[in-house]
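Numbering (this note's numbering), first residue to last: 654 to 753.
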């Protein structure tokens, strides 16, 4: 077992930053949950909510684990219900609710 010594001020700063990030994630999760199930989310919104990179989202999409639709400009949008379903199946909502 390793023991790490850290100054109290540094530790408190880390805790404050952690709390700030948790608050931001919970706020974002609330924003996503307020959307109607058929509302569409952009790649950026989904990545921010799931805390993943666009390339990871593309891999998830390509594997068929999350549904999507193509818009008129051949872009990709994700139904809110698909994103929430994926999050629940993979424990993302649990992590969001326990980070506070």
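All C-beta atoms, glycine included, are put in the ideal place defined by N, C-alpha and C.
- Scanning its chain for C-beta atoms nearer than 8 Å, with the 5 sequence neighbours on each side dropped, one finds around residue 694 the residues 685, 688, 702, 730, 731, 732, 733, 736, in chain order.
- If you draw a straight line from the Cα of residue 700 to the Cα of residue 707, it is about 6 Å long.
- Counting only runs of 4+ residues, the alpha helix (DSSP H) found wholly inside the stretch 670 to 747 occupies 696 to 703, 707 to 715, 733 to 742, in chain order.
- DSSP places residue 657 in the coil class of the three-state scheme, outside both helix and strand.
- Counting every other CB atom within 10 Å of its CB across the protein chains shown gives residue 740 a total of 16 or more, marking it as buried.
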